[in-house]
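In terms of the working numbering, the sequence shown has 40 at position 36, counting the first letter as 1, and numbering is strictly consecutive. Heads up, the beta-carbon is just placed ideally off N, CA and C, and yes, glycines get one too. It should be emphasised that the depicted structure is a prediction, and the values quoted were computed from it without experimental measurement.
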Amino acid sequence: MDPSPNTGMFPPAENGLSLAEIDTPALIVDLDAFERNLDKMAALIKETGVKLRPHSKTHKSPWIAHQQIERGAVGVCCQKVSEAEVM
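Printed below as a string of structure tokens:
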């Protein structure tokens, strides 16, 4: 794979590639398991009334943080201002 001319970075993997064909390092997410875990989190915080703020260091992903908030987390905890700016 040739790097993208604008960034020098490799393009993302495409659907249908085997794990062996994906350049590393790469983040691989089992979306079915991810959704199940989010649903479990949502059910637990609803049942207990806990105000959950997952720590951003777990995933360092604004998209994942938004998924957590959409399912009931009240926010995201960040260690540094620079992390909060990204979230």
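How many Å lie between residue i and residue j at the Cα?
i, j, result
"E87", "W67", "14 Å"
"T28", "L42", "26 Å"
"I26", "I32", "10 Å"
"K84", "H70", "18 Å"
Quick one: grab the DSSP three-state call for residue i.
i, result
"H63", "coil"
Just to confirm, is the Cβ distance from residue i to residue j under 8 Å?
i, j, result
"K44", "V78", "no"
Three or more beta-carbon pairs under 8 Å between the stretch 16-31 and the stretch 45-53, yes or no? In this structure the stretch 16-31 does not touch the stretch 45-53; the number of beta carbon pairs closer than 8 Å is below three.
Determine, using beta-carbon pairs with one atom in the stretch 33-44 and one in the stretch 54-62, whether at least three such pairs fall under 8 Å. Under the Cβ criterion (8 Å, minimum of three pairs), the stretch 33-44 does not count as touching the stretch 54-62.
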